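So the sequences go chain by chain: L and B.
For the first sequence, the numbering used here assigns the number 1 to the initial residue and increments by one for each residue that follows.
For the second sequence, the numbering used here assigns the number 265 to the initial residue and increments by one for each residue that follows.
Even glycine gets a Cβ: it sits at the ideal position worked out from N, Cα and C.
Bear in mind that the values here come from a model prediction, so they are computed numbers and not experimental data.
Contents: one structure, followed by commentary.
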Amino acid sequence: MNLRKYLIVYKKFLHTSLASELEYKTNILIDLITAILSLLGSIFLLSIFFQNNGYIGGWKFEQALIIQSIYTILNGITNTWFNPNLTEIVKHIREGTLDYVLLKPIDSQFFISLKKINPSGFLEIMLGFLLSFFCISINQINLNFSFLTLSLITIICSICILYSLWFFISTTTIWFVKTWNAIEVLRSFLYIGRFPLNSFSFSLRIFFSVFIPIAFITTIPSEVFLGISQLWKILLEIIVATVFLITSRKFWLFALRFYSSASS
Amino acid sequence: MVQNIIDVRNLSKSFDISSKEPSLKGTIKHFLRRQTKSLTVIKDISFEIKEGEIVGFLGANGAGKTTILKMLCGLIYPSEGSILVSGHLPFRRKENFLKNITLIMGQKQQLIWDLPPIESFYLNASIYDLDKFEAKKRIKKLSEMLEIDKELFIPVRKLSLGQRMKSELLAALIHEPNILFLDEPTLGLDINAQRNLRKFLQKYNKETNATICLTSHYMKDITSLCKRVICVHEGAISYDGKLDQLLKKLCPVKEILIVCRSEDDAIKLENCGFTVKTKIKNEITIKIENNSISSSLKTILNNFDIVDLFINEPPIDEVIGKVLIKKDYEI
């Protein structure tokens, strides 16, 4: 793979999708306001849960805010990259415009995963980081190299898991054509990621760890933030992320063999 | 000797198609227990195409023309048989192969809707490894050929269908491919836009010696661009050969309307041994075989006082229409 070429193409993707989005100023403004209100609403909801009892699943409100900050960062990434691109896969397959993607001398997964960006998601990412810095301060977390490295690794792994799950579901469109509902279910499961895994019953914890690994996505990075994570959990997240990423890639290549293109 | 650039041997393609009965009962049955059956849409076809040839694929809707094009460019895996395009197995979609071909579909677009077409051109240029200087040079050349230099900076959504189609062509040709697959490129265009597009394709073929495979329901596209046609009927090839031979075979005679100076001249002409279709006063319509048109006209012009003369070509759509509903057409 020619990395330089891919960087140049990605620069063009950024340029064209930013230019496309900036054509509609009001839409961007509404998206920005929605992102701020959504974060404030989530924090308010979280504070209500903690009002009667200071702890949920062994987590204090200040600690749970870390999960909220990681969720906000991930949701921002979802809105910036995954939502505009991966939901388009369904459209590409239904309308047959995937033909144009497949006939380009560039990796089709790269093309359909990164062609568009939604700039309003950037604000959510920034708000997430601001909230996490606030959490670091109120939880008196010691910022050091190993903390930053482990945090970064676990957040990247979370992004990979989330992307792979979404991409996997979108790929099934090649057979099932319409998969909007499955993606909506995935998005609604993601909301669960705003709460500590320990706040759920044992069976739900197993479900959200094994079948739909939402737990890995927010809880493990948050535990790393608080210095309470065990090494095996971090290693497990890395393994899960790698397996998911490879599987989604293989699944895409396998599915393309069944692509029959839309009729003209 | 001109080499074959496309070689297709015993190609077949089957799809699993589900069918649904009407009514609510049929819908529920279709939802609960979907019944699919294998449908062979391409049946054991073989043909070759030489470098620089322009070949028209003719066929009724659903005959399999687009499926053939999509297999040739590697979008669909064949069920049986082999395809070699420019020495490559298309469905592997290797980079060198993809840089050599392009697909243009009249009913689908790849341009970015909200931006001027030039943005899509530069994006495609980067995908095809063209530097900015080379891309600029090619955009200038192609936009002049297509006469869209003024539209390059207007958002795609504001362009007319004809201007959009020309921009689609430019986006698809920026990497200067050797093989063009065109699926109904003039669909929905007005007469002038159709003519301009045909002129451009002729020029492009002449200048670059590119091979063009074209499907179209507009006979004018086929007659003005293609010397050779492949007729597809229910997934099988019913005719593969020169277009003019096909037309000669299908219409062995031409109708000639002759306006004589007087009605007496028309009567004399009527009794001269020609096959007369109609005669109204001094106007007479006769049928003459294609191979004796020049000699017959010479005789008529030398021996009769003729005021005017019209040679009526039969409507090409009607003629080709006959081929599309026939299984085999032997020439």
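is_contact[residue i, chain C] using C-beta, thresh 7 angstroms
{"i": "D99 (chain L)", "result": "The structure shown contains no chain C; its protein chains are L and B."}
Where residue i sits in the DSSP three-state scheme
{"i": "N144 (chain L)", "result": "coil"}
{"i": "E223 (chain L)", "result": "helix"}
{"i": "Y259 (chain L)", "result": "coil"}
{"i": "E519 (chain B)", "result": "strand"}
{"i": "T472 (chain B)", "result": "helix"}
{"i": "T300 (chain B)", "result": "strand"}
{"i": "Y163 (chain L)", "result": "helix"}
{"i": "V571 (chain B)", "result": "strand"}
{"i": "H597 (chain B)", "result": "Because chain B here runs from 265 to 595, residue 597 (chain B) falls outside it and cannot be looked at."}
{"i": "I318 (chain B)", "result": "strand"}
{"i": "R249 (chain L)", "result": "helix"}
{"i": "E21 (chain L)", "result": "helix"}
{"i": "H497 (chain B)", "result": "strand"}
{"i": "K116 (chain L)", "result": "coil"}
{"i": "I376 (chain B)", "result": "coil"}
{"i": "S431 (chain B)", "result": "helix"}
Residue interval of the beta strand (DSSP E) (run including residue i)
{"i": "E547 (chain B)", "result": "547 to 553"}
{"i": "G345 (chain B)", "result": "344 to 349"}
{"i": "L444 (chain B)", "result": "443 to 447"}
{"i": "E398 (chain B)", "result": "First-last for E398 (chain B): 396 to 410, but that is the alpha helix (DSSP H), not the beta strand (DSSP E)."}
{"i": "A324 (chain B)", "result": "Note, A324 (chain B): premise wrong, no beta strand (DSSP E); not H, not E."}
{"i": "I269 (chain B)", "result": "268 to 282"}
{"i": "V513 (chain B)", "result": "Just to set this straight, residue 513 (chain B) is Lys in the shown sequence, not Val. Counting along the chain, K513 (chain B) falls outside any beta strand (DSSP E), though it belongs to the alpha helix (DSSP H) covering 507 to 514."}
{"i": "V540 (chain B)", "result": "539 to 544"}
Rounded Cβ spacing between residue i and residue j (contact assumed at less than 8 angstroms)
{"i": "G320 (chain B)", "j": "R273 (chain B)", "result": "The Cβ separation is near 21 angstroms, so there is no contact."}
{"i": "V420 (chain B)", "j": "P381 (chain B)", "result": "6 angstroms"}
{"i": "D393 (chain B)", "j": "K233 (chain L)", "result": "At roughly 44 angstroms, the Cβ-Cβ gap does not stay under 8 angstroms, so D393 (chain B) and K233 (chain L) are not in contact."}
{"i": "Q299 (chain B)", "j": "S283 (chain B)", "result": "7 angstroms"}
{"i": "I93 (chain L)", "j": "I169 (chain L)", "result": "Not really, about 13 angstroms apart at Cβ, beyond 8 angstroms."}
{"i": "L465 (chain B)", "j": "C490 (chain B)", "result": "Going by Cβ atoms, the distance from L465 (chain B) to C490 (chain B) rounds to 10 angstroms, so no, they are not a contact pair."}
{"i": "S261 (chain L)", "j": "K334 (chain B)", "result": "6 angstroms"}
{"i": "E23 (chain L)", "j": "G76 (chain L)", "result": "22 angstroms between Cβ atoms; not a contact."}
{"i": "E359 (chain B)", "j": "P221 (chain L)", "result": "Rounded, the Cβ-Cβ distance is 38 angstroms, inconsistent with contact."}
Continuous alpha helix (DSSP H) stretch holding residue i: start and end
{"i": "F385 (chain B)", "result": "381 to 391"}
{"i": "D99 (chain L)", "result": "98 to 102"}
{"i": "N567 (chain B)", "result": "557 to 567"}
{"i": "R356 (chain B)", "result": "Segment: none, R356 (chain B) is in no alpha helix (DSSP H) and carries neither H nor E."}
{"i": "G76 (chain L)", "result": "61 to 77"}
{"i": "L489 (chain B)", "result": "483 to 489"}
6 angstroms Cβ shell around residue i - same chain, five flanking residues per side excluded
{"i": "C495 (chain B)", "result": "L322, S502, Y503, V587"}
{"i": "N118 (chain L)", "result": "N79, T80, P84"}
{"i": "E21 (chain L)", "result": "P119"}
{"i": "N456 (chain B)", "result": "none"}
{"i": "V224 (chain L)", "result": "L150, S151, T154"}
{"i": "I340 (chain B)", "result": "K334"}
{"i": "R31 (chain L)", "result": "Before going further, note that residue 31 (chain L) is Asp rather than Arg in the sequence given. Cβ neighbours of D31 (chain L) beyond the five flanking positions: S120."}
Residues of its chain near residue i, where Cβ-Cβ distance is below 7 angstroms and the 5 sequence neighbours each way are ignored
{"i": "I214 (chain L)", "result": "F189, L190, I192, G193, F208"}
{"i": "T331 (chain B)", "result": "K277, V305, I306, I340"}
{"i": "I418 (chain B)", "result": "P380"}
Same chain only: Cβ atoms within 8 angstroms of residue i, ignoring 5 sequence neighbours per side
{"i": "L375 (chain B)", "result": "P381, S384, V420, R428, S431, E432, A435"}
{"i": "D280 (chain B)", "result": "T300, K301, S302, L303"}
{"i": "L18 (chain L)", "result": "I117, P119"}
{"i": "L162 (chain L)", "result": "L74, I77, T78, F82, L190, I217"}
### Query
Name the residues in the region 332 to 351 of chain B whose C-beta lies less than 8 angstroms from a C-beta of chain L; which are they?
K334, C337, G338, L339, I340, Y341
### Task
Give the residues from the region 16 to 33 of chain L that approach chain B closer than 9 angstroms (Cβ to any Cβ), ordered along the chain.
Of all residues in the region 16 to 33 of chain L, the ones placed with a Cβ closer than 9 angstroms to any Cβ belonging to chain B are T16, S17, A19, S20, E21, E23, Y24, in chain order.
### Task
Check each residue of the region 388 to 402 of chain B: if its Cβ is closer than 7 angstroms to any Cβ of chain L, include it; give the result in chain order.
S390, I391, Y392, D393
#### Entry: Interface residues of the region 463 to 481 of chain B facing chain L [CB-CB below 8 angstroms]
none
#### Entry: Near-chain B residues of the region 3 to 15 of chain L - C-beta to any C-beta below 9 angstroms
K5, I8, V9, K11, K12, F13, H15
### Task
Identify each residue in the region 368 to 386 of chain B for which the Cβ-Cβ distance to at least one residue of chain L is less than 7 angstroms, and report them in chain order.
M369, Q371, K372, Q374, I376, D378, L379, E383, Y386
### Query
Mind listing which residues of the region 507 to 522 of chain B have their C-beta closer than 9 angstroms to chain L's C-betas, in chain order?
Here the close residues number zero.
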